[in-house]
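Please read the structure below before turning to the comments.
2 protein chains.
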Amino acid sequence: MFKLLKQEGAARLGEFVTPHGTIKTPVFMNVATAAAIKGGVSAEDLEQLGTQVMLCNTYHLHLRPNDKVVHNMGGLQKFTTWNGPILTDSGGFQVFSLSALRKINEEGVTFASHLDGHKIFMGPEESMRIQSNLASTIAMAFDECVENPAEYDYSKKSCERTFRWLVRCQKEMAKLNEHPDTINKKQMLFGINQGCTYEDLRIQHMKDIAPLGLDGYAIGGLAVGEPAPEMYRIIEAVEPWMPKDKPRYLMGVGTPVNILEAVHRGVDFFDCVMPSRNARHGHLFTSQGIINIHNAKYINDDSPLDPECDCPLCRRYSRSYIRHLLCANEMLAMRLAVQHNLRFYNKLMEDIRQALEEGRFESFYREKREIYGVRI
Amino acid sequence: MFKLLKQEGAARLGEFVTPHGTIKTPVFMNVATAAAIKGGVSAEDLEQLGTQVMLCNTYHLHLRPNDKVVHNMGGLQKFTTWNGPILTDSGGFQVFSLSALRKINEEGVTFASHLDGHKIFMGPEESMRIQSNLASTIAMAFDECVENPAEYDYSKKSCERTFRWLVRCQKEMAKLNEHPDTINKKQMLFGINQGCTYEDLRIQHMKDIAPLGLDGYAIGGLAVGEPAPEMYRIIEAVEPWMPKDKPRYLMGVGTPVNILEAVHRGVDFFDCVMPSRNARHGHLFTSQGIINIHNAKYINDDSPLDPECDCPLCRRYSRSYIRHLLCANEMLAMRLAVQHNLRFYNKLMEDIRQALEEGRFESFYREKREIYGVRI
């Protein structure tokens, strides 16, 4: 399924063939939490922003509208009209970050919905069934997201349980993919490496899950508040133990510089709410660095936000107009700004792939990491 | 400037030539209060929804970003990138409905900004200068909007003052249109008929303002809470006194049925926040009547909202999806719903014009007024 086309140092150019189309890697997945990108951006828009993969959240969709509704409507592709690949997370991260009154045991987790407080049980089988109803292209294994920093002993115990859960996920998905009512009978499964910031646990866990022959492998439990060098250290520790012939996904990362650094260390898949969330607050990524469009110096600035960008905002509107819309709290501001930041991220990945293609990723990486994080 | 093409009873088919393009009447203007349609709808979108005229609010734009900024940016057309005709209201209605601590005298009105409370003075000259800075196609005269019901004596005095203000508006605009810094030197002026619900005041006022030879005449001070039959009665009373060779604009109206009734009584121009405001609450106008998409019966409904509609929502998404997005408070719901309702209104006007063109408006009106107001 995964074809490694080129490699430069640890950085990889690849192709991942899925039942819903081929994904060129490295790739940044665009986050559509509740089956829509925040900021009024539709599936139709994503096609124009060069998006390859849409990511939806299992926890949110289970709560609302409920995965059975999505199943009735023919799965997420038909529901959202997004025809490309879709990745669903397992719900695990939200169970641990959004819900109250969690109780975890070997079976799974009991928790209270953050919407209305009603009690829900979710374990590996439930997560797989929900994701099968959602009919995503790629399902993520159900894991425990341990908060950083965590005690070594607890981290070890949690890792071992997450491994047993992964085996159950794999078994359940095999069953579901045989079921006559299943919409996507070729649903893929990615396993998730855990182990907090302990290199030995990370490596042991990776050694345990690699032989399961999953469709891809993620590094989870990072980008949850630890310093970036800590994250890079863990990637470097675990990467040599990840299968070379499978895509690697660093969950929930990150800034453009984080992505450059992780590609440089051998990662292929990314996702993050940062481009859409920051956009809604006027933090816009450009080829020259980060702009806070609220700044008064843009009041009478009739130039485009980023002359090098081909997004709907930069092609047509001025800095003055987008600043006014944001100050007036107009939804159009959110929409245009989110489209811009998503386009910036998607274009960053295109540029990374082209640099890899042309064997000049190292110089691209060195140049851009000095620019993309600077506030101008 | 205004060419009456056909007439059926009092209903008129016409064309109004402006410096920014020809407007086919009857027309519904789409309200972009702060230089953007609420709900994340852009100038680019309006082109696709069949919008003819964008309406912006002088009061809001004077407060934020300030009309001088818009002037610096080349006027509203360049600022918003909407290349068609733009009508700006005078600010009068918002001065009386939004601001606090109003003090009115012969010169104008002193009031406090609803944003930060700072004191502002606006009279006929100020309103004209602001609208000239905004560089709209059509400016509205500055008038007093008297609350309904109003005392006869106050209404009469107010009418007379509004007449004197109109003369000052006309004089100021003539001066501004000669000024070298003026962006749109062919800015047009519409006068506004007032007189509350007193027919004799309405008629006298209309008789007073008709000889001024303005570019168009509006009926103001209606649709402010009075019953619809009251509004129709006033239109019928004042219409015979309105110049036949000028467009007539019923301000702030209304529902699809209100529009049908007013066209039937000889009105050419309309505007209202209803399509966009109602859309944001899930009230959607369709060819079969009004739908509240929150209704549980749409949860598993994969049909388009209105199979007869060609808007971005109906062309691509299901009732189930739009219902989910609205319940989840996703901006995409607002955007799609607003686009739908605006398209419904714009299409209604297209259908009205075609019926007039083909000499069958009377039967169209009788059929549609029984359908478009019904909740289904």
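Those sequence lines, one after another, are chains A and B.
Under the working numbering, the first residue of the first sequence carries the number 1, and numbering increases by one thereafter.
Under the working numbering, the first residue of the second sequence carries the number 1001, and numbering increases by one thereafter.
All residues carry an ideal CB built from backbone N, CA and C; glycine is no exception.
Predicted model, so just to flag it, every value in this text is computed and none were measured.
Through-space distance from residue j to residue i, alpha-carbon basis
i	j	result
Pro-1227(B)	Val-1253(B)	13 Å
Gly-9(A)	Arg-248(A)	16 Å
Tyr-1298(B)	Arg-1323(B)	7 Å
Val-374(A)	Gly-266(A)	24 Å
Pro-82(A)	Asn-30(A)	Residue identity differs from the one stated: residue 82(A) is Trp in this sequence, not Pro. Roughly 12 Å separates the two Cα atoms.
Met-140(A)	Arg-202(A)	18 Å
Glu-144(A)	Gly-195(A)	10 Å
Asp-1351(B)	Pro-1256(B)	12 Å
Lys-1207(B)	Asp-1302(B)	56 Å
Ile-1192(B)	Leu-1005(B)	24 Å
Ile-259(A)	Glu-358(A)	19 Å
Lys-119(A)	Val-238(A)	36 Å
Arg-277(A)	His-1114(B)	29 Å
Asp-1306(B)	Ala-100(A)	41 Å
Ile-1197(B)	Gly-1014(B)	Contrary to the premise, residue 1197(B) reads as Thr rather than Ile in this sequence. Looking at the two C-alpha atoms, the distance is approximately 28 Å.
Gly-225(A)	Asn-148(A)	8 Å
Ile-1376(B)	Leu-1250(B)	28 Å
Ile-1290(B)	Arg-319(A)	39 Å
Lys-1171(B)	Asn-1177(B)	10 Å
Ala-1011(B)	Gly-1117(B)	44 Å
Phe-269(A)	Thr-1182(B)	54 Å
Val-1109(B)	Asp-1089(B)	16 Å
Leu-1214(B)	Arg-1161(B)	18 Å
Arg-1343(B)	Ile-1209(B)	34 Å
Contact belief for residue i with residue j at Cβ below 8 Å, rounded distance in angstroms
i	j	result
Lys-24(A)	Gln-7(A)	That belief does not hold up - the Cβ atoms of Lys-24(A) and Gln-7(A) are roughly 15 Å apart, past 8 Å.
Val-1146(B)	Ser-1132(B)	Contact doesn't hold; Cβ gap of about 26 Å is too wide.
Gly-1369(B)	Glu-1261(B)	Sequence inspection shows Arg at residue 1369(B); the Gly mentioned does not correspond to that position. At roughly 7 Å, the Cβ-Cβ gap stays under 8 Å, so Arg-1369(B) and Glu-1261(B) are in contact.
Val-263(A)	Pro-26(A)	5 Å
Met-331(A)	Met-1242(B)	Wrong, their Cβ atoms sit about 37 Å apart, outside the cutoff.
Glu-1044(B)	Arg-316(A)	7 Å
Within chain A, the residues that residue i reaches when beta carbons sit closer than 9 Å
i	result
Ile-1291(B)	The premise fails here: Ile-1291(B) is roughly 18 Å from chain A at the closest Cβ pair, so nothing lies under 9 Å.
Phe-1269(B)	Correct list: empty, because the minimum Cβ distance to chain A is about 25 Å.
Asp-1302(B)	Asn-72, Met-73, Gly-74, Lys-78, Phe-79
Tyr-1372(B)	Residues of chain A passing the Cβ test: none, with the nearest at roughly 27 Å.
Chain-ordered neighbours of residue i on chain B, where CB pairs are closer than 9 Å
i	result
Leu-325(A)	Ala-1034, Ala-1035, Ala-1036
Asp-181(A)	Result: empty, since nearest Cβ-Cβ is about 15 Å, beyond 9 Å.
Tyr-59(A)	What Tyr-59(A) touches in chain B: nothing, since even the nearest Cβ is about 13 Å away.
Arg-198(A)	The question names Arg, yet the displayed sequence has Tyr at residue 198(A). Per Cβ cutoff of 9 Å: no residues; Tyr-198(A) is ~38 Å from chain B at best.
Contacts that residue i makes with chain A (C-beta to C-beta distance below 8 Å)
i	result
Ile-1299(B)	Pro-65, Val-69
Glu-1044(B)	Pro-312, Arg-316
Member of the options whose CA lies at the smallest distance from the CA of residue i
i	options	result
His-1062(B)	Phe-1121(B), Ser-1097(B), Thr-1162(B), Gly-1084(B)	Phe-1121(B)
Tyr-1372(B)	Leu-1101(B), Cys-1311(B), Leu-1176(B), Thr-1286(B)	Thr-1286(B)
Cys-1169(B)	Ser-1158(B), Asp-1181(B), Met-1188(B)	Met-1188(B)
Met-173(A)	Phe-190(A), Ala-328(A), Glu-160(A), Phe-163(A)	Phe-190(A)
Pro-1085(B)	Leu-1260(B), Cys-1327(B), Phe-1016(B)	Phe-1016(B)
Glu-1125(B)	Gly-1091(B), Ser-1155(B), Leu-1098(B)	Gly-1091(B)
Arg-1037(B)	Glu-1358(B), Cys-1056(B), Gly-1195(B)	Here the sequence assigns Ile to residue 1037(B), which means Arg is not the residue at that position. The option with the nearest alpha carbon to Ile-1037(B) is Cys-1056(B).
Val-1273(B)	Thr-1033(B), Met-1001(B), Gly-1216(B), Thr-1018(B)	Thr-1033(B)
Asn-341(A)	Leu-87(A), His-281(A), Glu-367(A)	His-281(A)
Leu-1336(B)	Lys-1347(B), Cys-1311(B), Glu-1239(B), Asp-1200(B)	Cys-1311(B)
Val-70(A)	Asn-1300(B), Arg-1102(B), Pro-1229(B)	Asn-1300(B)
Leu-1212(B)	Arg-1164(B), Val-1109(B), Asp-1200(B), Ala-1262(B)	Arg-1164(B)
Thr-137(A)	Val-41(A), Thr-58(A), Pro-240(A)	Thr-58(A)
Gly-1050(B)	Leu-1356(B), Tyr-1345(B), Arg-1369(B)	Tyr-1345(B)
Pro-240(A)	Lys-156(A), Ser-320(A), Asp-200(A)	Asp-200(A)
Val-167(A)	Ser-42(A), Leu-46(A), His-205(A), Gly-21(A)	His-205(A)
Lys-1186(B)	Asp-1067(B), Gly-1021(B), Ser-1127(B), Phe-1111(B)	Gly-1021(B)
Gln-1094(B)	Met-1073(B), Glu-1106(B), Phe-1142(B)	Phe-1142(B)
Gly-1221(B)	Ala-1150(B), Thr-1080(B), Phe-1028(B), Cys-1309(B)	Ala-1150(B)
Gln-77(A)	Met-231(A), Ala-35(A), Met-334(A), Gln-48(A)	Ala-35(A)
Where residue i meets chain B, residues with beta-carbon distance less than 7 Å
i	result
Ser-318(A)	Met-1073
Gly-39(A)	Met-1331
Beta-carbon neighbours of residue i, restricted to chain E and to distances below 7 Å
i	result
Ala-1328(B)	You won't find chain E in this structure, because its protein chains are A and B.
Proximal chain B residues relative to residue i, where beta-carbon distance stays under 8 Å
i	result
Tyr-217(A)	Those within 8 Å of Tyr-217(A) in chain B number zero; the least Cβ separation is about 31 Å.
Tyr-365(A)	In chain order: nothing, as chain B lies at least about 35 Å away.
Where residue i meets chain A, residues with beta-carbon distance less than 7 Å
i	result
Tyr-1249(B)	Under the 7 Å cutoff, chain A gives no residues; its nearest Cβ is about 25 Å from Tyr-1249(B).
Interfacial residues, the segment 78-93 of chain A to chain B, with Cβ spacing under 9 Å: Lys-78, Phe-79, Thr-80, Thr-81
Anything in the segment 129-151 of chain A with a Cβ closer than 8 Å to a Cβ of chain B? List those residues in chain order, please. none
With 8 Å as the C-beta to C-beta threshold (strictly closer), list the residues of the segment 1334-1354 of chain B near chain A in chain order. Met-1334, Arg-1335, Leu-1336
Along the segment 216-241 of chain A, where does the CB come closer than 9 Å to a CB of chain B? Name the residues. none
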